[in-house]
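Undergrad: Protein chains in written order, with UniProt numbering: chain A, 1 to 139; chain B, 1 to 139.
Virtual Cβ for every residue (Gly too), placed ideally from N, Cα, C.
As the structure is a computational prediction, the values presented were derived from the model and not from experiment.
There's a structure below that I have some questions on.
There are 2 protein chains.
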Amino acid sequence: MDLSIGELSRRTSVKVPTIRYYEQVGLLSPPARTEGRQRRYGEAEAARLNFIRHARELGFELEAIRELLELSGSPDRSCAEADAIARRQMEAVERRIGQLTALRGELERMITECGHGHVCECRVIQVLADHGQCAHAQH
Amino acid sequence: MDLSIGELSRRTSVKVPTIRYYEQVGLLSPPARTEGRQRRYGEAEAARLNFIRHARELGFELEAIRELLELSGSPDRSCAEADAIARRQMEAVERRIGQLTALRGELERMITECGHGHVCECRVIQVLADHGQCAHAQH
DNA sequence: CTTGAACCTCTAGTCGCTAGAGGATGTAGG
DNA sequence: CCTACATCCTCTAGCGACTAGAGGTTCAAG
Numbered sequence: 001m002d003l004s005i006g007e008l009s010r011r012t013s014v015k016v017p018t019i020r021y022y023e024q025v026g027l028l029s030p031p032a033r034t035e036g037r038q039r040r041y042g043e044a045e046a047a048r049l050n051f052i053r054h055a056r057e058l059g060f061e062l063e064a065i066r067e068l069l070e071l072s073g074s075p076d077r078s079c080a081e082a083d084a085i086a087r088r089q090m091e092a093v094e095r096r097i098g099q100l101t102a103l104r105g106e107l108e109r110m111i112t113e114c115g116h117g118h119v120c121e122c123r124v125i126q127v128l129a130d131h132g133q134c135a136h137a138q139h
Numbered sequence: 001m002d003l004s005i006g007e008l009s010r011r012t013s014v015k016v017p018t019i020r021y022y023e024q025v026g027l028l029s030p031p032a033r034t035e036g037r038q039r040r041y042g043e044a045e046a047a048r049l050n051f052i053r054h055a056r057e058l059g060f061e062l063e064a065i066r067e068l069l070e071l072s073g074s075p076d077r078s079c080a081e082a083d084a085i086a087r088r089q090m091e092a093v094e095r096r097i098g099q100l101t102a103l104r105g106e107l108e109r110m111i112t113e114c115g116h117g118h119v120c121e122c123r124v125i126q127v128l129a130d131h132g133q134c135a136h137a138q139h
């Protein structure tokens, strides 16, 4: 308890300017200050910041994290909302994986088909120049 | 040939402001203009823009596209560089897929374990609050 | 009491666009 | 030729989630 911003940063693996940024956008409330106006944090703030960091690692946007934090502060409410937020996030992640998997296929094909000769016959360049040479047209 | 920016936009599915943006950052060179200073494009520019769009769809950054465009303009050079750029891109895509797949697992577990009761025992909230409850510690 | 690491605020930059203001131009119909 | 109006022009600012840096202050150890 009574951590400086640097200590909090080390404890949570969130960088110092990021902590200040979270305060600025209202994800963290303004902490206590020393006489000289330096920030001092307690356990509750460290826990909240860990929550945020963890949610960020799972790809939640700050707005979603804001909602999740609000929900976590009202334990009597149904968790249907938290569920819905998490579910939305999972769907977004799945869509993104699908997209990237298609891209990987395209890139792979492009690279393996390249004869490693000169640019004038380079498969990579050719495919980029002409979408018609792609296996899948949907991107 | 002799397309207005709007026609070029329709032909390439690249939005008008994006075309102007590409010109601004030097991916497209300043086109011919009418008396009244409106842009007019030819086939070569449409092809170049298609190249860019396609590379963007494959997730290449504008800087990488700049290199690829330069390579495509010097057909006698070895395509080792184009290869390397594409390979780097594929590795980045693969890393991202790996990350997202781990996240999906975590999210899935979080959601299925939630009893859909109240927030105070919500699995989603609990897991976010305490990273120790994650299956994989590496994120 | 001095040193120097860590802190403070503030502004600006990153990437790849996107939106909007406020005005000029091009083209089709009358 | 004139009018309407879609499209074009430039310019500035905004998005998300930080990151970097300037220029100055405070804290804690020795």
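Residues of chain B with CB under 8 Å from A:Gly-59, in chain order?
TA: Near A:Gly-59 (Cβ distances below 8 Å), the residues of chain B are Leu-100, Leu-103.
Undergrad: With a threshold of 8 Å between beta carbons, is B:Ala-137 in contact with chain A?
TA: Confidence is the limiting factor: at B:Ala-137 the pLDDT is only 46, short of 50, which leaves the residue's position unreliable and the question unanswerable from this model.
Undergrad: Tell me, which residues are paired with A:Ala-32 by DSSP?
TA: DSSP, once it has assigned bridges, lists A:Arg-40 as partnering A:Ala-32.
Undergrad: Within 10 angstroms of its Cβ, does A:Gln-38 collect 16 or more other Cβ (buried), or is it exposed?
TA: So A:Gln-38 counts as exposed.
Undergrad: What does B:Leu-8 reach in chain A if we use C-beta pairs closer than 7 Å?
TA: None at all; the shortest Cβ gap to chain A is about 16 Å.
Undergrad: For B:Ser-9, which residues of its own chain have a beta-carbon under 7 Å away from its beta-carbon, when the five flanking residues on both sides are left out?
TA: Excluding positions up to five away in sequence, the list reads Lys-15, Val-16, Ile-19.
Undergrad: Taking all protein chains shown into account, do 16 or more other C-beta atoms lie within 10 angstroms of the C-beta of A:Ala-55, making it buried, or fewer, making it exposed?
TA: Burial call: buried.
Undergrad: For A:Leu-107 versus B:Val-124, is the C-beta spacing smaller than 8 Å?
TA: Contact: no.
Undergrad: Grab me the residues of B:Glu-113's own chain with a C-beta within less than 6 Å of its C-beta, minus the 5 sequence neighbours each way, in chain order.
TA: Taken in chain order, the residues that qualify are Arg-123.
Undergrad: Just to confirm my understanding: we take B:Tyr-41, look at its own chain, exclude 5 residues before and 5 after, and list those with CB closer than 6 Å. What are they?
TA: Excluding sequence neighbours, B:Tyr-41 sits near Leu-3, Leu-8, Pro-31.
Undergrad: Measure the alpha-carbon distance for B:Ile-97 versus A:Ile-97 and round it to whole angstroms.
TA: So the two alpha carbons sit approximately 6 Å from each other.
Undergrad: If we ignore side chains and look at the alpha-carbon of each, how far apart do A:Gly-26 and B:Ala-80 end up?
TA: For A:Gly-26 and B:Ala-80, the distance between alpha carbons rounds to 49 Å.
Undergrad: Using DSSP bridges, identify the partner residues of B:Leu-3.
TA: DSSP output for B:Leu-3 lists B:Tyr-41 as bridge partner(s).
Undergrad: Between B:Ile-111 and A:Arg-66, is the Cβ-Cβ spacing less than 8 Å?
TA: No; because the gap between Cβ atoms is not below 8 Å, this pair is not in contact.
Undergrad: Below 7 Å on C-beta distance, what does B:Arg-96 contact in chain A?
TA: The answer, in chain order, is Leu-100.
Undergrad: Listed from N- to C-terminal order along the chain, which residues in the stretch 21–51 of chain B have their beta-carbon within a distance smaller than 8 Å of any beta-carbon of chain A?
TA: Listed by position along the chain: Ala-47, Asn-50, Phe-51.
Undergrad: Assign A:Phe-51 to one of three DSSP states: helix, strand, or coil.
TA: In the structure shown, A:Phe-51 sits in a helix (DSSP, three-state: H, G or I).
Undergrad: Which whole-angstrom value is the C-beta distance of A:Ala-47 and B:Ala-129, which I expect to be below 8 Å?
TA: With a Cβ gap of about 7 Å, A:Ala-47 and B:Ala-129 count as contacting.
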